[in-house]
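The listed protein sequences derive, respectively, from chains A and B.
The opening position of the first sequence corresponds to residue 1 in this note's numbering, with each subsequent residue numbered one higher.
The opening position of the second sequence corresponds to residue 1001 in this note's numbering, with each subsequent residue numbered one higher.
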Amino acid sequence: MKINLIVNHNHYDYYPRPDEYLIESLRKLGFQSVKKGCDTTSCGVCSVIVDGQLVPSCSYLTSRCDQKEVLTVEGIPEEARHIAEFITAEGVDQCGFCSPGHVMAIHALKLELKNPTMEEIKHYLAGNMCRCSGYEGQHRAIKKMMEVE
Amino acid sequence: MGVNEKIRKVDGIGLVMGKPAYSDDLAPRDALIVKVLRSPHAHAEILSIDTSKAEASEGIACVFTYANVSDVNFSRAGQGFPEPSPYDHRILNKICRYIGEPVAVVAGVFEHQVDEAINKIKVEYKVLDAILDFEIAKDHDIKIHSGDGTKSMFEIGHYPEKNIAASYEMEIGSVKETLKQCDVVYEGRYYTQAQAHAMTEPHTSVSYYDQQDRLNIITSTQTPFHVRRIVGKTLNLPLSKVRVIKPRIGGGYGGKQAIHGEFFVAMVTMKTGKAAKCIFSRKEVFEGSYTRHQMRLDIKVGAMKDGTIQVIDMDILSNTGAYGEHALTVLMVAGSKTLPLYNKVKAVGFRGDVVYTNLTPAGAYRGYGAIQGNFALESAIDELADLLEIDSVKLREMNMMKEGETSEIFEIMGEGQEGTAMTIESCKLQECLDLCLEKLNYYDIYPRKQVAPNKIRSVGYALAMQGSGIPYIDMGSAIIKLNDDGFFNLMVGATDIGTGSDTILAQIAAEALEVPVEKIIVYSSDTDLTPFDTGAYASSTTYVSGHSVRIAAEKMKENIIEAGRKHFNSHHVNYVEGVLTCEDQSITLKDFSTKLFYSENQEQLVASGSYVGTKSPPPYMVGGVEIEVDTRTGEVDILNYVAVVDCGTTINPNLAKIQVEGAIVQGIGMTMYEEVNISEQGHNFNNSFMRYKVPTRMEIKHLDVSFVESYEPSGPFGAKSVGEIGIDTPPAALSNALKNAIGKRINVLPIRAEDVWKSIKA
Ligand code: FES
Ligand code: FES
């Protein structure tokens, strides 16, 4: 089966296996920001945006992506750098393995919610696990970013 | 210039923006996929194993079983040499000793081909009775290691015929006699569970031959130099033929100190000549890597009526699972990094056995031993205060370690061997305690406040200490070279696993060289290109590796001045903040270095430094917690966790703070949620992030981490370690807060809502 996979605004003729998940396709295509942390859709490390929606790419079949707009960190360099500035200023980027997924979740949050409260932010990001940071620094970073914006 | 600055991590922006930097990102595109068939039985002998169909399967390059791999015994613990851990491991074993133990290794072109081939392997097992309960393991009829060549490199109390991987015993004064003389004695039994590291990056190893036919291994390790030694020796390769590269690592916390997939990929590359990569599934990380040691701790603390603590005795049973990685060291730390907190005692007893069971092995995990020992000790001190009817704060203040004091334990107990005597030159426990209680509004809330009909608020706290590296064992080293345009390369063996050590080492170099941090380009760690370092463990990087960087940088400064003397043809040359001056003449390092390369007295300036600690100054911390208990359900809300830390100078206050915040949340996870549940057959129920409860951001209401002014004279720019101390206090602080809330001590971890509820109803 051939699909038209649109990643970061570029079109690819792609032939996914029927059981192929988006994470595998994206990494094969060279989008190495997309990381894998689990086998059970529970960590959010693999988060990408498909047609404006935050999804775990580890459980999203590539064959479902025909004509859909897939966005990874590589596709939003300016926005990602902006978010990264706040995360790194707080020192909350530790091992960094969860960070690209976290950036995509923050990006999606900003697209979806206007003036969210901290409680709403926490709920939105609840699926993005981080084992290093203890989360509080992430929340401080997001708060500062929201204040500036 | 560099120290005590909140600068960004040097690799931060790049990693957050998803630059390819981790092991799998760097794997050659055509790497063979390596996967592992694992034992479905907790204890079984492989009677036969038929791999012929798998080998003939499409796309398969090779298959390994115990029959065609090296049968050398080794320890995969990833420690210095000789290791204080038993040599009870082989790459693949004929006896399977836990569910998840590797049985066969298969390499092929595509993952689905490898999966299919694994399904075609026929194994005939003779299932053996297993020991799953560590309290019955000692002297049990079932022997987990017998006739398998298991041995120790030196005396570690290793008695495989009794199922004992390691054991230890020491006594100062007479515990028995002193206990008799005490007015009050508290005795308690505490249990701590196996905890999983749950780092977000699964263990990943990659290997290939380079153009010089040398085996290159890129791997998610905390100990690249130990990996080179252990893999090289076990596979009978001269170490000159092995290069180990540590790229960026997605979290370790001790879980990546040992060897995991490195052997498997190396064997595949050696057999096929092709690149290979092995990425553990999350299930494999849970079942086939290792956990924190489960422990049972019996503690006795005796005191006089006036509150002077006379004696502490700790007796431990530790569960190392199927293999004895870190068996002895973790046990000893449970005493050596807790008992000196109360150093005015007349007698101290400490002993323990570390037993084998048919469970996933235990190994290094942040705060190892200390978190378990701290739970027992700091709970016991609160209990003792209740018995004495003395405020626990006063009791601690009377008895705790102070600056200028020592403890005999430092000399007697090290990590896997004897310790090193030392006087404590920096200890701000009192300041930490005062500030923590103040921030917690301790005396306003203590012991409890009824805030609603079914809701009780309470507070609890605990003291903690750690170490800073292992004296006379942990070594760090650094090389600095000057480049034209006046910047430096700093090459360190120290292993940044997400801790920010590259950044703080650059800060130390910048401080010593009096240049901005941007002038220091750090590279870590690669056994070919960086000098030796034992690795990222034992809270050693800031203190030990930091010193090596300071030494190298100071030598470099000397070298620059020496070269400046030739340039000015004078002895009176000064170097200040990147400028060389001689009387009224001066030249910037930028111009001077360019001359050094191209036009004048041409010379490459290089300096190296290495350091081995002669002491291990403890960082200290007081952790306090405010909780709200719902007495109808037993649910516990953690409203605020206050940590006040004395880690000497914070080289980077931002990174130090996040180290502590992250550690506290791991400690809270261990105390309240995380557990490896085992079925009657020895199967790990919680082998996924779905079932294993790592704290999410919803559980964390508020963390308040601060540092007291402190300076450790023996540390680089006054620094001590900070990586582990943060994890130690949550078990005791939360157990103490619960005691204050419901009047009952819960002494088994994790403390789940149902445990609190049962305790209330009992
Ligand atoms: S990898 Fe864990 S949710 Fe996708
Ligand atoms: S920074 Fe390591 S998991 Fe989030």
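Think of the CB as a built atom: it goes at the ideal place given N, C-alpha and C, for glycine as much as any other residue.
Cutoff 8 Å; reference residue i; Cβ partners in own chain excluding five residues on either side
i: B:K1590; result: D1485, G1486, G1578
i: B:K1455; result: E1628, V1629, D1630, T1631
i: B:T1234; result: S1070, V1072, F1074, I1091, F1263
i: B:R1164; result: According to the sequence as given, residue 1164 of chain B is Ile; it is not Arg. K1138, G1157, H1158, D1353, V1354, V1355, Y1356, listed in sequence order.
i: B:R1319; result: The sequence as given places Asn at residue 1319 of chain B; Arg does not occur at that position. Correct list, in chain order: F1134, A1137, A1194, H1293, Q1294, M1295, V1354, V1355, T1357, L1359, A1362.
As assigned by DSSP and simplified to three states, the class of residue i
i: B:I1445; result: helix
i: B:A1762; result: coil
i: A:N115; result: coil
i: B:R1282; result: helix
i: B:D1213; result: coil
i: B:M1401; result: coil
i: B:A1031; result: coil
i: B:C1062; result: strand
i: A:L29; result: coil
i: B:R1296; result: strand
i: B:A1798; result: Only positions 1001 to 1762 of chain B appear in this structure, which leaves residue 1798 of chain B out of reach.
i: B:L1605; result: coil
i: B:P1471; result: coil
i: A:T72; result: coil
i: B:T1588; result: strand
i: B:M1267; result: helix
i: A:G127; result: coil
i: B:H1572; result: coil
i: B:V1544; result: helix
Sequence-distant residues of the same chain with beta carbon closer than 6 Å to residue i, five excluded per side
i: B:E1169; result: R1351
i: B:V1748; result: Y1191
i: A:S33; result: T72, V73, E74, P100
i: B:I1371; result: I1727, D1728
i: B:Y1442; result: V1459
i: B:D1496; result: D1502, S1524
i: B:F1264; result: V1034, V1105, C1278
i: B:T1614; result: P1471
Exposure of residue i, with buried meaning 16 or more beta-carbon neighbours within 10 Å
i: B:E1389; result: exposed
i: B:N1399; result: buried
i: B:Q1659; result: buried
i: B:N1236; result: exposed
i: A:S42; result: buried
i: B:F1685; result: exposed
i: B:E1661; result: buried
i: B:K1180; result: exposed
i: B:Y1461; result: buried
i: B:I1561; result: exposed
i: A:Y15; result: exposed
i: B:S1039; result: buried
i: B:E1558; result: exposed
Test: residue i CB closer than 8 Å to a CB of chain E
i: A:S99; result: Any reference to chain E falls outside this structure, whose protein chains are A and B.
Close Cβ partners of residue i (< 7 Å) along its chain, the five nearest in sequence each way excluded
i: B:K1744; result: S1759
Any 3 or more C-beta pairs closer than 8 Å across the region 1024 to 1039 of chain B and the region 107 to 122 of chain A: no
Stretch pair the region 1468 to 1479 of chain B + the region 1377 to 1392 of chain B: three plus CB contacts closer than 8 Å: no
Stretch pair the region 71 to 87 of chain A + the region 97 to 109 of chain A: three plus CB contacts closer than 8 Å: yes
In chain order, what residues of the region 55 to 87 of chain A put their CB closer than 9 Å to some CB of chain B? T72, V73, E74, P77, A80, R81, I83, A84, E85, I87
Mind listing which residues of the region 1697 to 1723 of chain B have their C-beta closer than 7 Å to chain A's C-betas, in chain order? R1697, M1698, I1700, L1703
Three or more C-beta pairs under 8 Å: does that hold for the region 9 to 25 of chain A against the region 53 to 71 of chain A? Contact holds between the region 9 to 25 of chain A and the region 53 to 71 of chain A, because three or more Cβ pairs, one in each stretch, are under 8 Å apart.
Mind checking the region 1225 to 1258 of chain B against chain A and listing, in chain order, the residues whose C-beta falls within less than 9 Å of any C-beta there? R1248, I1249, G1250, G1251, G1252, Y1253
Between the region 1364 to 1384 of chain B and chain A, which residues of the former have CB atoms less than 8 Å from a CB of the latter, in chain order? none
Positions along the region 1114 to 1126 of chain B whose CB lies within less than 9 Å of some CB in chain A: Here the close residues number zero.
According to a CB-to-CB cut-off of less than 7 Å, which residues of the region 106 to 128 of chain A neighbour chain B? Listed in chain order, the positions of the region 106 to 128 of chain A with a beta carbon within less than 7 Å of a beta carbon of chain B are K122, L125, A126.
Per the contact definition of three or more C-beta pairs closer than 8 Å, is the region 1566 to 1574 of chain B in contact with the region 1515 to 1529 of chain B? no
Between the region 1044 to 1053 of chain B and the region 1285 to 1295 of chain B, do at least 3 Cβ pairs fall closer than 8 Å? no
Indicate whether the contact test is met: 3 or more Cβ pairs, each with one atom in the region 1300 to 1319 of chain B and one in the region 1221 to 1234 of chain B, closer than 8 Å. In the pairwise beta carbon analysis, the region 1300 to 1319 of chain B is classified as not touching the region 1221 to 1234 of chain B: fewer than three pairs are separated by under 8 Å.
Counting Cβ pairs closer than 8 Å, one from the region 120 to 130 of chain A and one from the region 1682 to 1698 of chain B, do we hit at least three? Yes, they touch.
For the region 1724 to 1750 of chain B, which residues have a CB atom closer than 7 Å to at least one CB atom of chain A, in sequence order? none
Touch check for the region 1428 to 1439 of chain B and the region 1597 to 1616 of chain B: three-plus C-beta pairs under 8 Å? Fewer than three Cβ pairs drawn from the region 1428 to 1439 of chain B and the region 1597 to 1616 of chain B lie within less than 8 Å of each other, which leaves the two stretches out of contact.
What residues from the region 1273 to 1297 of chain B come within 7 Å of chain A, judged by C-beta to C-beta, listed N to C? S1281, R1282, K1283
Between the region 1005 to 1017 of chain B and chain A, which residues of the former have a C-beta closer than 8 Å to a C-beta of the latter? K1006, R1008, K1009, D1011, G1012, I1013, L1015, V1016, M1017
Got a sec: which bits of the region 1453 to 1474 of chain B sit with their beta carbon under 8 Å from any beta carbon on chain A, in order along the chain? Taking 8 Å as the Cβ-Cβ cut-off against chain A, none of the residues of the region 1453 to 1474 of chain B qualify.
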